[in-house]
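In the order they appear, the protein sequences are chains A and B.
For any residue, its number in this note's numbering is found by taking its place in the first sequence, counting from 1, and adding 60.
For any residue, its number in this note's numbering is found by taking its place in the second sequence, counting from 1, and adding 140.
Report on the structure given below.
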Amino acid sequence: MRRRTFLRGGSTLAAALAISPRCALAVPVADIAMDGRPDGSRVWFDPRGLLVRPGQTVRWTNRDSANSHTATAYAPENDDHPRRIPRGAAGFDSGYLLPGETFEVTLEVPGVYDYFCIPHELAGMVGRIVVAKPGSGGGFAGYPDQGLDPAILAGFAPVADILRQGAIPGREG
Amino acid sequence: MNRFATIAATACALAAGPVIAQDAAVADHPPKAPYQKVSDLVKLPDFLPGIGQLYVDPATLPAGPFVAYDHDGRLVSTIYMIPISSMNADTGFDDLAAPGGNVDHVDIYYNAGHPGVEEPHEHIVLWHVPAADEASVAK
Numbered sequence: 061m062r063r064r065t066f067l068r069g070g071s072t073l074a075a076a077l078a079i080s081p082r083c084a085l086a087v088p089v090a091d092i093a094m095d096g097r098p099d100g101s102r103v104w105f106d107p108r109g110l111l112v113r114p115g116q117t118v119r120w121t122n123r124d125s126a127n128s129h130t131a132t133a134y135a136p137e138n139d140d141h142p143r144r145i146p147r148g149a150a151g152f153d154s155g156y157l158l159p160g161e162t163f164e165v166t167l168e169v170p171g172v173y174d175y176f177c178i179p180h181e182l183a184g185m186v187g188r189i190v191v192a193k194p195g196s197g198g199g200f201a202g203y204p205d206q207g208l209d210p211a212i213l214a215g216f217a218p219v220a221d222i223l224r225q226g227a228i229p230g231r232e233g
Numbered sequence: 141m142n143r144f145a146t147i148a149a150t151a152c153a154l155a156a157g158p159v160i161a162q163d164a165a166v167a168d169h170p171p172k173a174p175y176q177k178v179s180d181l182v183k184l185p186d187f188l189p190g191i192g193q194l195y196v197d198p199a200t201l202p203a204g205p206f207v208a209y210d211h212d213g214r215l216v217s218t219i220y221m222i223p224i225s226s227m228n229a230d231t232g233f234d235d236l237a238a239p240g241g242n243v244d245h246v247d248i249y250y251n252a253g254h255p256g257v258e259e260p261h262e263h264i265v266l267w268h269v270p271a272a273d274e275a276s277v278a279k
């Protein structure tokens, strides 16, 4: 019974794709996990560096069963943090996400977006997203230190690595 | 009570070790005021795997003591959270309350932070149950 149901679902999906080229061409949501060790001794975003296209939606999910996390853009409107997102882009802030909760944001403006987790910024839980058109070759740079703690700066994946690899895994430690 | 009975009772007491009184405020679940459930104060899961359901007197933050209960409402540990930045020559924490009574064993480990105590800190956990019973708060 289960197999039959699966096949019927599969044929329905195929039909939907056949009559809906927009659906077939849709850019997938890019997922980032918020995770950590069970005892809270290490926390991280995975991937911590990610390349997406303009207009692509990024979704953060808290996979850490023992902690709350945020995805918060480096922007003055977020507790007076230095601006580390492209000019013209809006700063985002998920607020605290409990385990299993998600937050989505669609990034339109090309450039480099740095973000952090409010309760874990000092522990180096930060991430970087590069928004670039496919084949554009980048031409983006990171940001100056802006007085941030070395533990924070160490968490940002190099822009060149993100452009080359597409995604930089988070670190378990 | 005769002399032998008195000696026997004293020996038993000594063998068992001193009994440290448990603060009545934390004996039952939920603990009495001024303790408040941490998940009501900040956005954290109601039950923290590895710790349990956590309560604290907000006036004692960040150090605590926090008191933790298992799924059956049994007090399992008293926890102090000491910011790494406070572990230096100019900072100390004197006369922290110890409401949980007898201590079976102690765990000390690093925590990267969480709502309520955002900066990296050490968890100093006074377990009031045997190590095997830590399983009662594992999930």
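Beta carbons are placed, not taken as given, at the ideal position from N, Cα and C, and that holds for glycine.
Distance from Y250/B to P239/B at the Cβ level is roughly 24 Å; contact not present, criterion being Cβ atoms closer than 8 Å. Beyond the five residues adjoining it in sequence on each side, D153/A comes within less than 6 Å, by CB distance, of T132, N138 in the same chain, given in chain order.
Nearest to V159/B by alpha-carbon distance, out of L215/B, Y209/B, N242/B, is N242/B. Spanning the alpha carbons of R113/A and V89/A requires a straight line of approximately 10 Å. Counting only unbroken stretches of 3 or more residues, the beta strand (DSSP E) elements lying wholly within the segment 99-134 of chain A are 103-106, 109-112, 116-122, in sequence order. Residue-level contact check: K172/B does not touch chain A, since none of the beta carbons of chain A fall below 9 Å from its beta carbon. Taking the Cα of P170/B as reference, the smallest distance to any Cα among S179/B, Y195/B, A278/B, V182/B is reached at Y195/B. Chain-ordered, the chain A residues with CB closer than 8 Å to the CB of Y249/B read D99, S101. Residue environment: I248/B is assigned as exposed (fewer than 16 neighbouring CB atoms within 10 Å of its CB, all protein chains considered). Pairwise C-beta distances place the segment 134-150 of chain A out of contact with the segment 105-119 of chain A, as fewer than three of them are shorter than 8 Å. Taking P194/A as reference, the option from W104/A, G115/A, P229/A, A149/A with the minimal CA-CA separation is G115/A. Y175/A is bridged by DSSP to A133/A, G187/A. At a cut-off of 9 Å, the C-beta of A252/B has a neighbouring C-beta in chain A. Residue range 210-213 is occupied by the alpha helix (DSSP H) that includes P210/A, with no beta strand (DSSP E) assigned at that position. Close to chain B, meaning a Cβ-Cβ distance shorter than 9 Å, are the following residues of the segment 179-200 of chain A: P179, H180, E181, L182, A183, G184, M185.
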